[in-house]
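K.L.:
There are 2 protein chains.
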Amino acid sequence: MNQTEIQNLEKAFMDFVHKIEHYEEAIGLIDWDLHTKAPKKGRAQRSEVMGTLSEQAFNMMISPEMKDYLERLSDPDVKGKVSIITQKTVEYYQKEYERNHRIPGERYRAFKVAAANAGDAWEDAKKNDDFSLFLPHLKKIIAFKKEFLQYWGYDEHPYDTLLDEYEPGMTVKILDEVFAKLRGQLVELLQQVMDSPHRPDTDFIFQKFDARRQEAFHYVVLKAMGYDFDAGRLDETVHPFATGLNPGDVRVTTKYDEGDFRTSVFGTIHEGGHALYEQNIAPELIGTTMCTGTSYGIHESQSLFWENIVARNRYFWEHFYPELRKLNPDQFDGISLDQFYRGINVVQPSLIRIEADELTYCLHVMVRYEIEKALITDQIKAEDLPQIWNDKMEEYLGVRPDSDREGVLQDVHWSMGDFGYFPSYALGYIYSAQLKRAMDRDIPDFDQKLARGELSPIREWLTDKVHRHGKMKKPIEILQDVTGEGVNPQHLVDYLTEKYRNVYKLS
Amino acid sequence: MNQTEIQNLEKAFMDFVHKIEHYEEAIGLIDWDLHTKAPKKGRAQRSEVMGTLSEQAFNMMISPEMKDYLERLSDPDVKGKVSIITQKTVEYYQKEYERNHRIPGERYRAFKVAAANAGDAWEDAKKNDDFSLFLPHLKKIIAFKKEFLQYWGYDEHPYDTLLDEYEPGMTVKILDEVFAKLRGQLVELLQQVMDSPHRPDTDFIFQKFDARRQEAFHYVVLKAMGYDFDAGRLDETVHPFATGLNPGDVRVTTKYDEGDFRTSVFGTIHEGGHALYEQNIAPELIGTTMCTGTSYGIHESQSLFWENIVARNRYFWEHFYPELRKLNPDQFDGISLDQFYRGINVVQPSLIRIEADELTYCLHVMVRYEIEKALITDQIKAEDLPQIWNDKMEEYLGVRPDSDREGVLQDVHWSMGDFGYFPSYALGYIYSAQLKRAMDRDIPDFDQKLARGELSPIREWLTDKVHRHGKMKKPIEILQDVTGEGVNPQHLVDYLTEKYRNVYKLS
Numbered sequence: 003m004n005q006t007e008i009q010n011l012e013k014a015f016m017d018f019v020h021k022i023e024h025y026e027e028a029i030g031l032i033d034w035d036l037h038t039k040a041p042k043k044g045r046a047q048r049s050e051v052m053g054t055l056s057e058q059a060f061n062m063m064i065s066p067e068m069k070d071y072l073e074r075l076s077d078p079d080v081k082g083k084v085s086i087i088t089q090k091t092v093e094y095y096q097k098e099y100e101r102n103h104r105i106p107g108e109r110y111r112a113f114k115v116a117a118a119n120a121g122d123a124w125e126d127a128k129k130n131d132d133f134s135l136f137l138p139h140l141k142k143i144i145a146f147k148k149e150f151l152q153y154w155g156y157d158e159h160p161y162d163t164l165l166d167e168y169e170p171g172m173t174v175k176i177l178d179e180v181f182a183k184l185r186g187q188l189v190e191l192l193q194q195v196m197d198s199p200h201r202p203d204t205d206f207i208f209q210k211f212d213a214r215r216q217e218a219f220h221y222v223v224l225k226a227m228g229y230d231f232d233a234g235r236l237d238e239t240v241h242p243f244a245t246g247l248n249p250g251d252v253r254v255t256t257k258y259d260e261g262d263f264r265t266s267v268f269g270t271i272h273e274g275g276h277a278l279y280e281q282n283i284a285p286e287l288i289g290t291t292m293c294t295g296t297s298y299g300i301h302e303s304q305s306l307f308w309e310n311i312v313a314r315n316r317y318f319w320e321h322f323y324p325e326l327r328k329l330n331p332d333q334f335d336g337i338s339l340d341q342f343y344r345g346i347n348v349v350q351p352s353l354i355r356i357e358a359d360e361l362t363y364c365l366h367v368m369v370r371y372e373i374e375k376a377l378i379t380d381q382i383k384a385e386d387l388p389q390i391w392n393d394k395m396e397e398y399l400g401v402r403p404d405s406d407r408e409g410v411l412q413d414v415h416w417s418m419g420d421f422g423y424f425p426s427y428a429l430g431y432i433y434s435a436q437l438k439r440a441m442d443r444d445i446p447d448f449d450q451k452l453a454r455g456e457l458s459p460i461r462e463w464l465t466d467k468v469h470r471h472g473k474m475k476k477p478i479e480i481l482q483d484v485t486g487e488g489v490n491p492q493h494l495v496d497y498l499t500e501k502y503r504n505v506y507k508l509s
Numbered sequence: 003m004n005q006t007e008i009q010n011l012e013k014a015f016m017d018f019v020h021k022i023e024h025y026e027e028a029i030g031l032i033d034w035d036l037h038t039k040a041p042k043k044g045r046a047q048r049s050e051v052m053g054t055l056s057e058q059a060f061n062m063m064i065s066p067e068m069k070d071y072l073e074r075l076s077d078p079d080v081k082g083k084v085s086i087i088t089q090k091t092v093e094y095y096q097k098e099y100e101r102n103h104r105i106p107g108e109r110y111r112a113f114k115v116a117a118a119n120a121g122d123a124w125e126d127a128k129k130n131d132d133f134s135l136f137l138p139h140l141k142k143i144i145a146f147k148k149e150f151l152q153y154w155g156y157d158e159h160p161y162d163t164l165l166d167e168y169e170p171g172m173t174v175k176i177l178d179e180v181f182a183k184l185r186g187q188l189v190e191l192l193q194q195v196m197d198s199p200h201r202p203d204t205d206f207i208f209q210k211f212d213a214r215r216q217e218a219f220h221y222v223v224l225k226a227m228g229y230d231f232d233a234g235r236l237d238e239t240v241h242p243f244a245t246g247l248n249p250g251d252v253r254v255t256t257k258y259d260e261g262d263f264r265t266s267v268f269g270t271i272h273e274g275g276h277a278l279y280e281q282n283i284a285p286e287l288i289g290t291t292m293c294t295g296t297s298y299g300i301h302e303s304q305s306l307f308w309e310n311i312v313a314r315n316r317y318f319w320e321h322f323y324p325e326l327r328k329l330n331p332d333q334f335d336g337i338s339l340d341q342f343y344r345g346i347n348v349v350q351p352s353l354i355r356i357e358a359d360e361l362t363y364c365l366h367v368m369v370r371y372e373i374e375k376a377l378i379t380d381q382i383k384a385e386d387l388p389q390i391w392n393d394k395m396e397e398y399l400g401v402r403p404d405s406d407r408e409g410v411l412q413d414v415h416w417s418m419g420d421f422g423y424f425p426s427y428a429l430g431y432i433y434s435a436q437l438k439r440a441m442d443r444d445i446p447d448f449d450q451k452l453a454r455g456e457l458s459p460i461r462e463w464l465t466d467k468v469h470r471h472g473k474m475k476k477p478i479e480i481l482q483d484v485t486g487e488g489v490n491p492q493h494l495v496d497y498l499t500e501k502y503r504n505v506y507k508l509s
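Those protein sequences? They're chains A and B, same order as listed. Per our numbering, the very first residue in the first sequence carries number 3; after that it's consecutive. Per our numbering, the very first residue in the second sequence carries number 3; after that it's consecutive.
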């Protein structure tokens, strides 16, 4: 092929994949709408719409046309002559093609419809605290995942194939080791914390805080973080999420609890962290397949960086505590900054993952990880999940749910078929502490900046090291380039040890 | 073909067209979002998404697969053996196929992208009162329409082809005659009204009425009308619209003017009338192509029926005026029901169509009709529109805009390429008066029902006669079946004459 032919081929391929991205963006918007604005009677029909769009995107991904593009663009004579974005896009779709072309389109579509219906059933089941409403849907979803695993195959462990979808390169072998190491140290630290006589006062947390006033605070904090409201918005939902439709439209959702402002305050900052990633991808990647976060784990490192490392830092509240107090003055009457800081960092083994403290969070993830591995390999049955869930919670965290709403029904993920996703949450934790260690070299006055409410340098550092690259770098490349090492849970343990030594006055 | 083969063919065809409907529903949602929730920086990319989905739906509509289905299902041996819904669906797509298969997909896609961008430009232009920001986009849209007319062809007048898209069977010949007749009588009645010494008091209208309190009233009225909030929602926008994504999700939008409650009160009832049509289509039509209003004119007859014939009726306010007063008591202090009724029915030739009174409304439409006919046939140039618009307004209504924002930039429609649409507004007017005449036979105590806030029988009558049929009956069939005659503007003139005799105490 001569230069012009290569250019034409490259353009045709990129136009083709941009259309796939268009379908994905439409699906993202419909999904946001279903979780925030859509009236309930229209949802069944909307699931059909989702099914059709997903099938179309999927069909394009596994089409003979795609196969032909990938073959021609992999030709050694062509490969080096297209842009680096095109090269990475080809790599991405080669992997997707390999993964998916064996799944019949009709099965994929049926899965998407089932997942949309399961999402509705999950909401009902959670609302009515009735696992049986969700069970038949969950069984379908699990059956689909196992069917798909037969199409995909696996090397060492079937769960590796699921992990790889969210965190490329991650395996049961690595996770078992990292989690074992982490669990041991976390449980030991947790023991010290629980034994400490210096428990923070938390009564002030549970006083009524009007939802609209909480919302007002979110606008202040999100703006300070550098979240661009001309390229996003904030809405209410049942299970908070952020969605990057394109870098000019990255939406944050949150959930309000008027009896515990932490739910929405830390939830919003968390989702804001995800949103900053999507808003700050380099402009040249807009519209391309590379224009999103590189993995779920790296994405989670961003949300957790902001939620924990920034917003659970004492210095952050030197600036923002007065703002929060203004909105609900009585609640914080007589509560010093130090009391406030210690209160929001209270450790309490509890039932709900998204409300968990930093110390116990990863233990929640490990419960789910163990269950998913066992479900996928038929070691346990979906029917027994409530019992198994409750037992594991007792074993890992020492608490036992009274209801499935606060137990096995708490998370939306399984309804969407997202098995293999939860470990990313713990990896995000681990990564965020690794990133903080690296940031300390470039921003030695991190705490002082927080105390002045000066968050831009932090956002800019993260944009430079992580955000702007989108999918152009693999998770492990980012980690290596920025921190100089691979997955290392020790930084998280060190960070937590230092924090709780302070909060709980450990010796 | 045997019975089983016919059944399989019918099912395959209906599955195929349902997918087209799915794309249309997704497009409808994206459009709603663009006009209500979407942050501005993401809109350019979203236009690309719209373009891809529109192209896909369009390509399916004109595909060889569609052609093949239509041919096989039109076979005399097959035709009578499929369901009536399938038969009507085949008829519909035959017409669409004839209309569209000559337009190259790429041109259609380019048009949709241009229209989305023109929508943005129109909003900017209107906001900045700067026609020049919109002009290049408008010229593109007009050029597209003229290009498409070449593909489509026409019999008597090129504008007939545009009219037919919105009101099947309507022609310049009919409209010229109906409008001439109407204009003569309206202008005569307007003269009498303007000469009357009994002008209603309207000062109370322009007192500040908090937008959120106006909104509270909308919820009361929409519920009384029978609008189902489990199958819809109310939001704010720049140019109000209702959108029926499916009968379980029919959304109303409105615009607030705190200095004139009529804008949102009558605007919401108007859009609510559209919404009732879409919410009450027969369940067996859900998901099919027949599941929407039969024409723009009939649709408009529903919105105008509620806005004018119901909500500008004195008896309606016997029930609802106390509700409205409660929300902003000072505004209506000392204003009797009679004063209120006469005030909201004031006639004042004015600049903005959507705020026009019942008497002058059709004159606004005629201005647009004359301009569109002339634009399409190159009798005028887009550059000259502000001047021409202002001249025509002076000629028809005796008022002249000071700004393009209140002149040629006021409507969104041209940005979307909706030429041929405006006449539907006047036809809706004419139809609504014809429907009222027919309703009088079945609901002789119409006024008494309004006075008791009893709106269900009215909604049920409209559902029975109009809504439930969706697209299964043509506009003229509905008109004939319900009123026993074709388009007849005399009922509108009679209705208006009686009303203004009352409001303006004409002799």
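Ideal placement from N, C-alpha and C gives every residue a C-beta, glycine not left out.
1) Output yes or no for whether 9 Å exceeds the beta carbon distance between P41/B and D251/A.
2) Under three-state DSSP, which class holds N102/A?
3) Is the Cβ of F15/A closer than 9 Å to any Cβ of chain B?
4) What residue range does the alpha helix (DSSP H) around N130/A cover?
5) Around the C-beta of H200/B, are 16 or more other C-beta atoms found within 10 angstroms, so that it is buried, or is it exposed?
6) Rounded to whole angstroms, what's the CA-CA distance from T6/A to V92/A? Just pull it up for me.
7) Buried or exposed: T163/A, going by 16 or more other Cβ atoms within 10 Å of its Cβ?
8) Say whether chain A places a C-beta atom closer than 9 Å to the C-beta of G44/B.
9) Using the Cα positions of T173/B and S417/B, report the straight-line distance between them to the nearest angstrom.
10) What residue does the beta strand (DSSP E) around G246/B start on, and which one ends it?
11) I want to verify the contact list: residues of chain B whose CB lies under 7 Å from the CB of I288/A, in sequence order.
12) Would you be able to state if there are at least three C-beta pairs under 8 Å between the region 236-252 of chain A and the region 11-30 of chain A?
13) Below 7 Å CB to CB, which residues in the same chain sit around D126/A once its five sequence neighbours on both sides are set aside?
14) With V369/B as the anchor, note down where its alpha helix (DSSP H) starts and where it stops.
15) Once you ignore the five residues that flank I337/B on each side, which residues in its own chain have a CB closer than 7 Å to its CB?
16) So, for E12/A: in the same chain, excluding its five sequence neighbours on each side, which residues have a beta-carbon less than 8 Å away from its beta-carbon?
17) Is there at least one Cβ from chain A nearer than 9 Å to F231/B's Cβ?
18) When the Cα of Y317/B is compared with those of Y398/B, A453/B, P202/B and K183/B, which residue comes out closest?
19) Using 10 angstroms around the beta-carbon of S305/A, count the other beta-carbons present and answer buried if the total reaches 16, otherwise exposed.
20) Does the Cβ of M441/A have 16 or more other Cβ atoms within 10 Å, making it buried, or fewer, making it exposed?
21) Establish whether the CB of H20/B and some CB of chain D are separated by less than 9 Å.
22) With burial defined as no fewer than 16 other Cβ atoms inside 10 Å of the residue's Cβ, what is the status of R370/B: buried or exposed?
23) Under a Cβ-count criterion, where at least 16 other Cβ atoms within 10 Å of its own Cβ denotes burial, should R443/A be classed as buried or exposed?
24) Using the beta-carbon of each residue, which ones in chain A are nearer than 7 Å to A28/B?
25) Can you tell me which residues form a DSSP beta bridge with T173/B?
26) To which residues does DSSP link T239/A through a beta bridge?
27) I'd like the list of long-range same chain contacts for L411/A, defined as Cβ closer than 8 Å, with 5 residues on each side in sequence excluded.
28) Would you mind working out which of G44/B, D413/B, T54/B and V19/B sits nearest F18/A, comparing C-alpha positions?
29) Given 8 Å as the limit, is there contact between the region 263-280 of chain B and the region 225-232 of chain B, that is, 3 or more CB pairs closer than that?
30) Name the chain B residues that come within less than 9 Å of G234/A, Cβ to Cβ?
31) Quick check: G171/A and I480/A, are their CB atoms within less than 9 Å of each other?
32) With a CB to CB cut of under 8 Å and the five nearest residues on each side skipped, what residues in its chain are close to D496/A?
33) Anything in chain A within Cβ reach of G295/B, meaning under 9 Å, just list it in chain order.
34) With which residues is T1/B paired in a DSSP beta bridge?
35) Indicate whether at least one CB of chain B lies closer than 9 Å to the CB of Y25/A.
P.N.:
Let's see:
1) Stepping through the second sequence from its first residue, residue 41/B is reached at position 39. Stepping through the first sequence from its first residue, residue 251/A is reached at position 249. Yes, the Cβ-Cβ distance between P41/B and D251/A is below 9 Å.
2) Residue mapping note: residue 102/A aligns to position 100 of the first sequence, counting from 1. Here N102/A sits in helix by DSSP.
3) On the first sequence, residue 15/A is found 13 positions in, with the first residue counted as 1. So no, F15/A is outside the interface.
4) For the purposes of this step, residue 130/A is taken as residue 128 along the first sequence, with counting starting at 1. From DSSP, N130/A is part of no alpha helix (DSSP H); its letter is neither H nor E.
5) Here residue 200/B is taken as the residue at index 198 of the second sequence, counted from 1. With fewer than 16 other Cβ atoms within 10 Å, it is exposed.
6) Position 4 of the first sequence holds residue 6/A. Position 90 of the first sequence holds residue 92/A. Cα-Cα distance, rounded: 19 Å.
7) On the first sequence, residue 163/A is found 161 positions in, with the first residue counted as 1. So T163/A ends up on the buried side.
8) Counted from its first residue, the second sequence places residue 44/B at position 42. It does: the Cβ of G44/B has a partner Cβ on chain A nearer than 9 Å.
9) Numbered from 1 along the second sequence, position 171 holds the residue referred to as residue 173/B. Numbered from 1 along the second sequence, position 415 holds the residue referred to as residue 417/B. Their backbone Cα atoms lie some 23 Å apart in a straight line.
10) One-based indexing of the second sequence puts residue 246/B at position 244. Counting along the chain, the beta strand (DSSP E) containing G246/B begins and ends at A244 to N248.
11) For the purposes of this step, residue 288/A is taken as the residue at position 286 of the first sequence. Near I288/A (Cβ distances below 7 Å), the residues of chain B are Q47.
12) yes
13) Numbered from its first residue, the first sequence carries residue 126/A at position 124. Cβ within range, chain order: L135.
14) In the second sequence, residue 369/B corresponds to position 367, counting from 1. Where V369/B is concerned, the enclosing alpha helix (DSSP H) stretches over Y363 to I378.
15) Translated into the one-based positions of the second sequence, residue 337/B becomes position 335. Contacts found: F206.
16) For this step, residue 12/A is matched to residue 10 along the first sequence. Same-chain partners within the cutoff: L75, V84, S85 and T88.
17) Here the question's residue 231/B lines up with position 229 in the second sequence. F231/B counts as touching chain A.
18) As a working note, residue 317/B is residue 315 in the second sequence. For Y317/B, the nearest C-alpha among the options comes from A453/B.
19) Position 303 of the first sequence, counting from 1, holds the residue named residue 305/A. It is buried - the Cβ of S305/A has at least 16 other Cβ atoms within 10 Å.
20) Locating residue 441/A in the first sequence gives position 439, where the first residue counts as 1. Label assigned to M441/A: buried.
21) Here chain D cannot be found, since the structure's protein chains are A and B.
22) Within the second sequence, the letter at position 368 stands for residue 370/B. The residue in question, R370/B, is buried, as its Cβ has 16 or more Cβ neighbours within 10 Å.
23) As a position in the first sequence, residue 443/A is number 441, starting the count at 1. Exposed, since its Cβ has fewer than 16 Cβ neighbours within 10 Å.
24) For the purposes of this step, residue 28/B is taken as the residue at position 26 of the second sequence. Correct list: A28, I32, V51 and L55.
25) Taking the first residue of the second sequence as 1, we reach residue 173/B at position 171. Beta-bridge pairing links T173/B to no other residue.
26) If you number the first sequence from 1, residue 239/A lands on position 237. Partner(s): none; T239/A has no beta bridge.
27) To locate residue 411/A, count along the first sequence from 1; it is residue 409. Counting only Cβ-Cβ distances below 8 Å, and skipping sequence neighbours, we find W124, A127, K128, D131, F133 and F136.
28) The residue labelled residue 18/A in the question sits at position 16 within the first sequence. Nearest C-alpha to F18/A: T54/B.
29) yes
30) Sequence index remark: in the first sequence, residue 234/A carries index 232 (1-based). Those are P41, K43 and G44, listed as they occur along chain B.
31) The residue you call residue 171/A lines up with position 169 of the first sequence. The residue you call residue 480/A lines up with position 478 of the first sequence. Going by C-beta atoms, G171/A is not nearer than 9 Å to I480/A.
32) Against the first sequence, residue 496/A aligns to sequence position 494. Counting only Cβ-Cβ distances below 8 Å, and skipping sequence neighbours, we find A435.
33) Reading the second sequence from its first residue, position 293 is the one you call residue 295/B. None at all; the shortest Cβ gap to chain A is about 17 Å.
34) Look at the range of chain B in this structure, 3 to 509, and you will see that residue 1/B is not part of it.
35) For the purposes of this step, residue 25/A is identified with residue 23 of the first sequence, where counting begins at 1. It does; some Cβ of chain B falls within 9 Å.
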